[in-house]
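**Q**
In this note's numbering, the protein residues as written are 5 to 142.
1) With respect to the beta strand (DSSP E) encompassing residue 135, which residues constitute its N-terminal and C-terminal limits?
2) May I ask you to report which of helix, strand or coil DSSP gives residue 5?
3) Could you compute how far the alpha carbon of residue 81 sits from the alpha carbon of residue 53?
4) How many whole angstroms separate the CB atoms of residue 139 and residue 77, which I take to be in contact at a CB cut-off of 8 angstroms?
5) I'd like the list of long-range same chain contacts for residue 60, defined as Cβ closer than 7 angstroms, with 5 residues on each side in sequence excluded.
6) If you count every other CB in all the chains shown that lies within 10 Å of the CB of residue 58, and 16 or more means buried, which is it?
7) Mapping DSSP to helix, strand and coil, what is residue 74?
8) If you reduce the DSSP assignment to three classes, tell me which class residue 31 lands in.
9) What do you get for residue 133, buried or exposed, if any count of 16 or more other CB atoms within 10 angstroms of its CB means buried?
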């Protein structure tokens, strides 16, 4: 089992294992997102080095309108490249900026406005964000 970390700022994304001189700087993303949320996914392949993906999702919330599409950019360690795509949302969602995802079995969960979770499965091949309503605090 390997331990690793990923750190993201507005300018740089670093990845590494917790030992001296072990960080790697990701290539710069191709698209600039002023407000974003992030997800880091690791895949453990026994025959090769660990592979990982880093997903950046744009958060563009207007008080009057939620998003029907969400632009994302995905870094893949296998290809060492960023790929841009757009996810559809039904119902419409607004992701909470600068939140870090919870990843369960490869499925990404981000906080969204109005007590929702936005759910994205990058392995499914579908470019879609689904929604889970969080229970109220009564």
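Backbone N, C-alpha and C define an ideal beta-carbon position, used for all residues, glycine too.
It should be emphasised that the depicted structure is a prediction, and the values quoted were computed from it without experimental measurement.
**A** From the atom records:
1) Stepping through the chain shown from its first residue, residue 135 is reached at position 131. Looking at the DSSP string, the run of the beta strand (DSSP E) that includes residue 135 is 132-137.
2) The residue labelled residue 5 in the question sits at position 1 within the chain shown. For residue 5, the predicted structure reports a pLDDT of 42, less than 50, and the residue's modelled location is therefore unreliable. The matter cannot be settled from this model.
3) In the chain shown, residue 81 corresponds to position 77, counting from 1. In the chain shown, residue 53 corresponds to position 49, counting from 1. Cα-Cα distance, rounded: 10 angstroms.
4) Counting from one through the chain shown, the residue named residue 139 turns up at place 135. Counting from one through the chain shown, the residue named residue 77 turns up at place 73. Between residue 77 and residue 139 the Cβ distance is about 32 angstroms, and since that is not below 8 angstroms, they are no contact.
5) The residue labelled residue 60 in the question sits at position 56 within the chain shown. Excluding residues within five positions, the ones whose Cβ falls inside 7 angstroms are 33, 37, 40, 42, 76 and 77.
6) Translated into positions along the chain shown, residue 58 becomes position 54. Buried is the call here.
7) On the chain shown, position 70 is the one that residue 74 refers to. The answer is strand: DSSP assigns residue 74 an E or B state.
8) Start at 1 with the first residue of the chain shown, and residue 31 comes out as number 27. Looking at residue 31 - three-state DSSP - the assignment turns out to be coil, as it is neither helix nor strand.
9) The residue labelled residue 133 in the question sits at position 129 within the chain shown. Answer is buried; the Cβ neighbour count reaches 16.
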